[in-house]
Every structure is written in C-alpha cells, then in structure tokens.
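Trainee: So that we are looking at the same thing, I have put the structure below in structure tokens.
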Amino acid sequence: MDRRLYRPEQSWCADPERRAAAGIPDEVRFATKPRLAWEMIAAALGAGVRARWVTGDEAYGQDPQLRAALEARRTGYVMAVACSTRVWINQSRTSIRADAVAGRLPAAAWHRQSAGIGAKGPRYYDWAWIHIGSDSQRHLLIRRNRTTGELAFHLCWSPTEVPLAELVRVAGIRWSVEECFQAAKGQVGLDH
Numbered sequence: 001m002d003r004r005l006y007r008p009e010q011s012w013c014a015d016p017e018r019r020a021a022a023g024i025p026d027e028v029r030f031a032t033k034p035r036l037a038w039e040m041i042a043a044a045l046g047a048g049v050r051a052r053w054v055t056g057d058e059a060y061g062q063d064p065q066l067r068a069a070l071e072a073r074r075t076g077y078v079m080a081v082a083c084s085t086r087v088w089i090n091q092s093r094t095s096i097r098a099d100a101v102a103g104r105l106p107a108a109a110w111h112r113q114s115a116g117i118g119a120k121g122p123r124y125y126d127w128a129w130i131h132i133g134s135d136s137q138r139h140l141l142i143r144r145n146r147t148t149g150e151l152a153f154h155l156c157w158s159p160t161e162v163p164l165a166e167l168v169r170v171a172g173i174r175w176s177v178e179e180c181f182q183a184a185k186g187q188v189g190l191d192h
C-alpha cells in the first residue's frame, strides 16, 4: 500500500556526501521508524482507506506519539511493548512494570486462546488482559507460552469496547507479517 525508506540518522542523514551519492534530497530529514509508520498510516486514512486496527512490534509500541496519533484518529491498536513498560492499574497514581502485573495475576485471569493458524495448526497460548489507564478501552494484553512460560506484552486501545478474543486475534495477525520479513531476509537478502 505504501513504503518509506528508513535512513539511520548518523550513517545517512548526517553524511552529506553519502546523501548526495544516493540522491537523497536535502529536504528529506531523519525520521524514526514509528514516525514513518504514522506518515504512511495517516496518508492511507486520509485517502479513505478504512482501518480498524494497527499492530506492530516493540519499536512501534513503545512510541507514545504513534499511539496518541492512532487514538486521535480513533484507530485501534495492539502494539508489542517491553516487559519493563510501566502501566497504571485501577487509576493508581503509581505505575507498575508490565512483568510485575503478570506476576500478580491469579490463575483464573489466564485464558487459553488461539492467536491464529501457524504451520503446525492453531497457535495456542494463555492470555490475560487488564484495564489500564482511565478508560475502559485501554488494556495491557499478556501472552504466556504454555510450554516455556515466556511472556509477551501488548498495549491495546480501541475506540469501542472489544472482547479478549478480538485483541488476541489482532495480536496474532502480526506473526504473518514477521514470517514474510524473515523469508525475505533469507531468500532475497532484504536485510542487506
């Protein structure tokens, strides 16, 4: 649908000779990956493309400006974040780390659900969610590997209330994108 070329700040944007050799115009400035993502999303929404959800890895999930821009456009998101991400529970004035939240959840908070079909069939994990912040549409979604216990965390927001199964479904969509990137790196050298 769209694309932007990410240019590292030091090795490309701050090197006039390299910029000139690559044909990068002077008016093109450094932008973070989340900023580039927002430019593409905003252009698509502005062109009338309807999007219910945006999902991304930690590089995008950790960016508060991207999340705020999506909320302002009333576009839901399920974004991966680090275990050290701090959240506010029950309108508390004190934030708590996402991994600490997971450690405090009772067994009944976890629900076995599939995040989609993988190469070996449904991808089942244990999932928990908890309201964070001051509105009912904001959640911390936690995925636990049923074998290893490894945890993954997502910040979620939706303009309307949604069930856990919908957030799990959206979180699972990102895996097919990641699989495509891995294949492209291995088969055609996309990472070079």
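With the UniProt record's numbering applied, the sequence shown has no gaps in its numbers, which climb one by one up to 192 at the end.
Glycine included, C-beta positions come from ideal geometry on N, C-alpha and C.
(1) Spatial neighbours of residue 6 within its chain, please: CB distance less than 7 Å, with the 5 preceding and 5 following residues excluded, ordered by chain position.
(2) Which word fits residue 40, buried or exposed, when buried means at least 16 other C-beta atoms lie within 10 angstroms of its C-beta?
(3) Taking residue 86 as the reference, give the member of 18, 161, 153 and 174 with the closest Cα.
(4) Taking 8 Å as the limit between beta carbons, can you name the residues of its chain near residue 172, skipping five residues before and five after?
(5) Can you give me the start and stop residues for the beta strand (DSSP E) that residue 130 sits inside?
(6) Taking the alpha-carbon positions, what's the residue 162 to residue 142 distance?
(7) Could you tell me how far apart the beta carbons of residue 157 and residue 73 are, in whole angstroms, since I believe they sit closer than 8 Å?
(8) Would you mind listing the beta strand (DSSP E) stretches within the segment 80 to 120 that are 3+ residues and don't spill past its ends, in chain order?
(9) Using 8 Å as the cut-off, can you tell me whether the segment 76 to 91 makes contact with the segment 46 to 59, which would need three or more C-beta pairs spanning the two stretches below that distance?
(10) Leaving out the 5 sequence neighbours to the left and right, which residues in its chain are closer than 8 Å to residue 169 when beta-carbon positions are compared?
(11) Between the Cα of residue 135 and the Cα atoms of 50, 70, 89 and 108, which residue gives the shortest distance?
(12) From the DSSP output, which residues share a beta bridge with residue 144?
(13) Could you name the residues of the same chain whose beta carbon sits closer than 8 Å to that of residue 101, not counting the 5 residues immediately before and after it, in chain order?
(14) Figure out for me which residue from 64, 76, 3 and 118 has the closest Cα to the Cα of residue 175.
(15) What separation, rounded to the nearest whole angstrom, lies between the Cα atoms of residue 125 and residue 92?
Mentor: Put simply:
(1) Excluding positions up to five away in sequence, the list reads 33 and 36.
(2) Classification for residue 40: exposed.
(3) The closest CA to that of residue 86, considering only 18, 161, 153 and 174, is found on 153.
(4) Contacts found: 114, 115, 116 and 123.
(5) For residue 130, the enclosing beta strand (DSSP E) stretches over residues 121 to 131.
(6) So the two alpha carbons sit approximately 16 Å from each other.
(7) By a beta-carbon distance limit of 8 Å, residue 157 does not contact residue 73. Their separation comes to about 11 Å.
(8) Runs of the beta strand (DSSP E) lying entirely within the segment 80 to 120, each at least 3 residues long, are 86 to 88, 95 to 97 and 111 to 118 in chain order.
(9) In short, these stretches touch, since the Cβ pair count reaches three.
(10) Here the set comprises 115 and 116.
(11) For residue 135, the nearest C-alpha among the options comes from 89.
(12) Listed as beta-bridge partners of residue 144 by DSSP are 126 and 151.
(13) Shown here for residue 101: same chain residues with a beta carbon closer than 8 Å to its own, the five before and five after excluded, namely 87, 89, 130, 140 and 142 in chain order.
(14) Nearest of 64, 76, 3 and 118 to residue 175, Cα basis: 118.
(15) Near 29 Å, if we compare the C-alpha coordinates of residue 92 and residue 125.
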